[in-house]
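Residue numbers (my numbering): 1 to 325.
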């Protein structure tokens with residue numbers, strides 16, 4: 001309903017950026033971020049939304065976040081050593097909200113991970129505990145289980161932005177280019193997240209494994225991407241240490257304040273993915289979307305189009321800046 005208030009955690013991340021456009025302006029949004037920089041950026045980007053800075057590791061800060069909310073879309077901080085406790089805090093806050101007289105709380109949507117059963121993976125295991133806690137909470141819930149994000153794994157626009165001086169473009173590979181894994185397009189996940197929020201009751205007590213593709217080798221995607229952008233792409237297989245540093249930089253922004261426990265989780269992820277991958281099936285995604293999920297080729301073409309459009313906008317902006325208008 002338009003009067004519903006939707007709370008989104010980790011609202012400055014990639015998942016939220018693909019979910020929010022489906023919800024505005026139909027719903028009131030409360031976007032929860034951790035840093036002042038994210039607060040400033042999202043306040044400018046979504047002026048009609050309420051942006052709140054909070055530390056989700058503090059239970060007392062979680063309770064007011066859900067006051068008056070109808071739905072929460074909870075994304076835990078990636079590879080965070082306290083991700084389980086943060087999930088518990090948000091679930092406890094939701095339970096407390098349902099006990100408040102006059103509350104309208106109806107739905108806890110949890111974005112987890114594909115195959116949280118893998119206890120060897122700390123980031124999966126932490127989410128497994130959150131799922132169990134949610135199942136026992138008595139709340140109406142939906143659990144989404146996406147695979148690795150296609151958009152992070154294959155940064156096509158970054159490849160296209162590399163100056164074409166005739167040398168190959170290097171792809172720093174984190175998880176191994178010959179191990180098959182399924183991937184999830186963020187556009188598909190955002191569309192399904194909005195569908196679950198909008199349709200609500202029909203998704204209560206459901207758990208959805210969400211893959212856009214069958215298992216595939218990253219090396220095969222590289223070949224397709226190389227052909228699509230007409231540039232030679234070469235895989236740069238990183239050492240475990242270098243891959244860990246890159247993964248933590250992608251998820252933390254820098255290595256300055258990385259907790260050693262963050263590094264434990266990242267190292268286990270890299271070793272596991274290189275040996276076994278993370279494999280799933282796109283059948284549930286297809287059913288929920290009512291169409292074929294985004295294929296690798298569609299993703300490549302879409303990213304190329306966005307890159308060209310971005311360059312055109314930059315050119316127009318430059319022209320206007322240099323004119324007398």
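Glycine included, C-beta positions come from ideal geometry on N, C-alpha and C.
Neighbourhood of residue i by C-beta, 6 Å cutoff - its chain only, sequence neighbours within 5 removed
| i | result |
| --- | --- |
| residue 160 | 229, 307 |
| residue 8 | 16, 31, 73 |
| residue 142 | 109, 196, 203, 206 |
| residue 70 | 4, 5, 104, 106 |
| residue 176 | 274 |
| residue 132 | none |
| residue 128 | 116 |
| residue 297 | none |
| residue 393 | For residue 393 there is no data in the structure shown, the boundaries of the chain being 1 and 325. |
| residue 147 | 114, 182, 183, 184, 211, 278, 280 |
| residue 55 | 61 |
| residue 139 | 94, 108 |
| residue 314 | Any reading at residue 314 is ruled out, since the residue's pLDDT is 40, under 50, leaving its predicted position unreliable. |
Buried or exposed (CB count within 10 angstroms, at least 16 for buried), residue i
| i | result |
| --- | --- |
| residue 311 | exposed |
| residue 291 | exposed |
| residue 268 | buried |
| residue 84 | buried |
| residue 122 | buried |
| residue 255 | exposed |
| residue 36 | exposed |
| residue 163 | exposed |
| residue 223 | exposed |
| residue 209 | buried |
| residue 102 | exposed |
Which of helix, strand or coil DSSP assigns to residue i
| i | result |
| --- | --- |
| residue 216 | strand |
| residue 156 | helix |
| residue 308 | helix |
| residue 28 | strand |
| residue 249 | helix |
| residue 50 | strand |
| residue 23 | helix |
| residue 238 | coil |
| residue 233 | strand |
| residue 320 | Summary for residue 320: the model assigns pLDDT 34, below 50, so the residue's position carries little reliability, and this model does not support an answer. |
| residue 5 | strand |
Other residues of its chain near residue i: CB distance less than 7 Å, five sequence neighbours each side excluded
| i | result |
| --- | --- |
| residue 93 | 62, 63, 65, 66 |
| residue 178 | 217, 219 |
| residue 33 | 11, 12, 39, 42, 51, 53 |
| residue 266 | 79, 244, 247, 248 |
| residue 282 | 211, 212, 213, 214, 293 |
| residue 326 | An answer regarding residue 326 cannot be provided, because it is not within the stretch 1 to 325 covered by the chain. |
| residue 303 | 156, 157 |
Close beta carbons around residue i, own chain, < 8 Å, minus the five adjacent residues each side
| i | result |
| --- | --- |
| residue 400 | Shown here, the chain extends from 1 to 325; a query on residue 400 therefore has no answer. |
| residue 14 | 149, 151, 152, 186 |
| residue 225 | 154, 156, 159, 233, 300 |
| residue 173 | 218, 235, 236, 237, 238, 243 |
| residue 100 | 67 |
| residue 241 | none |
| residue 263 | 244, 248 |
| residue 270 | 174, 175, 240, 243, 244, 247 |
Within the region 64 to 123, ranges of the alpha helix (DSSP H) (whole runs, at least 4 residues): 83 to 98
Taking contact to mean at least 3 C-beta pairs separated by less than 8 Å, is the region 78 to 93 in contact with the region 16 to 27? no
Do the region 105 to 117 and the region 212 to 230 meet, that is, are 3 or more Cβ pairs less than 8 Å apart? no
Pick out the complete alpha helix (DSSP H) segments inside the region 126 to 213, 4 residues or longer, and give them in chain order. 150 to 153, 156 to 161, 186 to 199
Which runs of the alpha helix (DSSP H) spanning at least 4 residues fall entirely within the region 251 to 288, listed in chain order? 260 to 275
Could you say if the region 182 to 195 and the region 276 to 294 meet the contact criterion of at least three C-beta pairs nearer than 8 Å? yes
So does the region 230 to 242 actually touch the region 163 to 183, counting three or more Cβ pairs closer than 8 Å? yes
Can we say the region 143 to 155 touches the region 179 to 189, given the rule of at least three CB pairs closer than 8 Å? yes
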